[in-house]
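Those letters in the sequence shown? Residues -24 to -1, 1 to 396, per mature numbering (1 follows the signal peptide of the UniProt record, and there is no 0), in order. Backbone N, C-alpha and C define an ideal beta-carbon position, used for all residues, glycine too. Notes follow once the structure below has been shown.
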Amino acid sequence: MNAFKRRLTLLALAAALVATTATAAPALAAGAPAVQAAAATQSASPIGASGLNRTALDAAVGLHPGDRAGGQLARVSTPDQIWRGSSSDAFTSRPISPDAHFHIGSISKAFEATVALQLAAEGKLDLDQTVQYYLPGLLPDSYQPITVRQLLNHTSGLPDMQAGIPNPTADQLIGEHLDYFTLDDVIHSSLHPADGSTPPLHFTPGSKQEYSSLGYRIAAKIIEQVTGNSFGDEVTSRVIRPLHLNHTSVPEGDTRMPRPALHGYVIDSTGRPVDVSEQGDDATAVISTAPDLDHFISALFSGRLLDPEQLYEMFAVPLDSAGSPLHYADGSDCDTGTAKGTACYGAGLKSVTLPDGTVLWGKTGHDIGYASGVFATRDLKLRTVYAVGTSTADNGGSPAVANRLIAALLTPPTATTATH
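Below you can see the structure in the form of structure tokens.
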């Protein structure tokens, strides 16, 4: 279980690094609270209206000094254009397919929220019922009631999954990257540390927003409880198979990486890059490709997966009693646009505001050796996916390519670059 906690520490560090770097330019990294569909009137995207600057996008996806990446790929789509690009592999010099497979990390939360909301529409899951009702005895007795909705929109106040665990070394990550962790492994080790303590809630459930990966592991456990099926089976039958996402899978401990693959690396203590593309991960892990993620977010936003009432939850940020978005607890996220410092997450998705005012909704993700993101405007006039095979333990490549993609999207094309 120490291996799992070290992995959680890695992902927390990666997320913090993305959030910190993104402040210069946003990286495409008590009871039911009131909610609002944020930025519903800002769905139109001025970006891409005059075409995509393909030359700028080609340059953005290439490897740059300081990227700390083993390779990267990206895809940008508008109603009448698709650009796709990739770098070569920094360590093998081999070309990387723009359609290569990669570990999507917490992008899987968008898949999970979709499944949970489908179950709610079917009357099999009550978003305003508590964790204590669905999974009695799971949470410490000292915890206040936490609803399913609060798990999905990150207002549960649950503790971090890696609290008090020392930062892992690269060699530890490499030595343990094939280990697999069940939902029970994750939840038990987080709520019942080896020292016998009970981690306190960070705040009263429903009073603030703070990103919680533990909340989504518990929500996955509830999905399994109400359906009698594994998390992977539910995601596959409800999302992957209906959308014909033929290059998306829930490995559930299968360490094999489909080909072609974007390779992720960790540099060991001798300076040698070690390929960690094949990894154990945990029960909510998903492997996908840029085209499949583009198809998923298009289908999601267009209402193919959820009825309007449930789709609303994806874009609804929680409000306080005065009707204002809740405060974001620690300042490490929700740091773009005029609502900076307040809630930016709905159920499974977050909003980011670009420098020109364009509002995107989507999700970032991190796994050992990987960082990625998928975002789109509400009207789907702009969609973007990126993935980085990182070469450091802190996944530092993600903000660089994401920020360059933003800059490229904000650069109007010339007659030459638009047709390149």
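As assigned by DSSP and simplified to three states, the class of residue i
| i | result |
| --- | --- |
| residue 284 | helix |
| residue 347 | strand |
| residue 159 | helix |
| residue 226 | coil |
| residue 93 | helix |
| residue 166 | helix |
| residue 362 | strand |
| residue 120 | coil |
| residue 82 | helix |
| residue 271 | helix |
| residue 201 | helix |
| residue 72 | coil |
| residue 311 | coil |
| residue 237 | strand |
| residue 66 | coil |
| residue 153 | coil |
Cβ distance (whole Å) where residue i is taken to contact residue j below 8 Å
| i | j | result |
| --- | --- | --- |
| residue 135 | residue 175 | 4 Å |
| residue 349 | residue 89 | 16 Å between Cβ atoms; not a contact. |
| residue 281 | residue 215 | 7 Å |
| residue 124 | residue 92 | 7 Å |
| residue 259 | residue 196 | 7 Å |
| residue 226 | residue 211 | 5 Å |
| residue 77 | residue 312 | Not a contact, Cβ separation roughly 30 Å. |
For residue j and residue i, the rounded distance between their alpha carbons
| i | j | result |
| --- | --- | --- |
| residue 38 | residue 362 | 12 Å |
| residue 179 | residue 306 | 11 Å |
| residue 228 | residue 263 | 10 Å |
| residue 145 | residue 347 | 19 Å |
| residue 261 | residue 30 | 32 Å |
| residue 67 | residue 318 | 41 Å |
| residue 278 | residue 290 | 12 Å |
| residue 100 | residue 322 | 21 Å |
| residue 270 | residue 167 | 35 Å |
| residue 288 | residue 233 | 35 Å |
| residue 267 | residue 273 | 10 Å |
| residue 357 | residue 297 | 34 Å |
| residue 111 | residue 58 | 45 Å |
| residue 120 | residue 382 | 41 Å |
| residue 183 | residue 360 | 32 Å |
| residue 389 | residue 49 | 21 Å |
| residue 365 | residue 177 | 34 Å |
| residue 64 | residue 73 | 9 Å |
| residue 187 | residue 131 | 8 Å |
| residue 158 | residue 247 | 32 Å |
| residue 240 | residue 62 | 14 Å |
| residue 299 | residue 86 | 25 Å |
| residue 380 | residue 223 | 27 Å |
| residue 295 | residue 286 | 18 Å |
Top-ranked residue by Cα proximity to residue i, from the options
| i | options | result |
| --- | --- | --- |
| residue 147 | 86, 159, 250, 116 | 250 |
| residue 275 | 218, 285, 300 | 218 |
| residue 46 | 204, 344, 223 | 344 |
| residue 386 | 338, 342, 329 | 329 |
| residue 52 | 40, 36, 199, 64 | 36 |
| residue 231 | 255, 203, 355, 342 | 255 |
| residue 96 | 299, 380, 213, 198 | 198 |
| residue 172 | 28, 116, 286 | 116 |
| residue 103 | 85, 84, 126 | 126 |
| residue 202 | 315, 60, 33, 94 | 94 |
| residue 314 | 210, 335, 295, 294 | 335 |
| residue 133 | 352, 285, 332, 303 | 303 |
| residue 161 | 193, 149, 153 | 193 |
| residue 189 | 286, 81, 41, 252 | 81 |
Below-9 Å beta-carbon distance, residue i vs any chain B residue
| i | result |
| --- | --- |
| residue 288 | Within the model displayed, chain B is absent; a lone protein chain is all it includes. |
Classification of residue i by the beta-carbon crowding that lies within 10 angstroms, buried from 16 upward
| i | result |
| --- | --- |
| residue 185 | buried |
| residue 220 | exposed |
| residue 109 | exposed |
| residue 70 | exposed |
| residue 342 | buried |
| residue 55 | exposed |
| residue 354 | buried |
| residue 41 | exposed |
Residue i: CB within 8 Å of a non-hydrogen atom of the ligand FMN
| i | result |
| --- | --- |
| residue 218 | With respect to the ligand FMN, the structure shown offers nothing to examine, as it has no ligands at all. |
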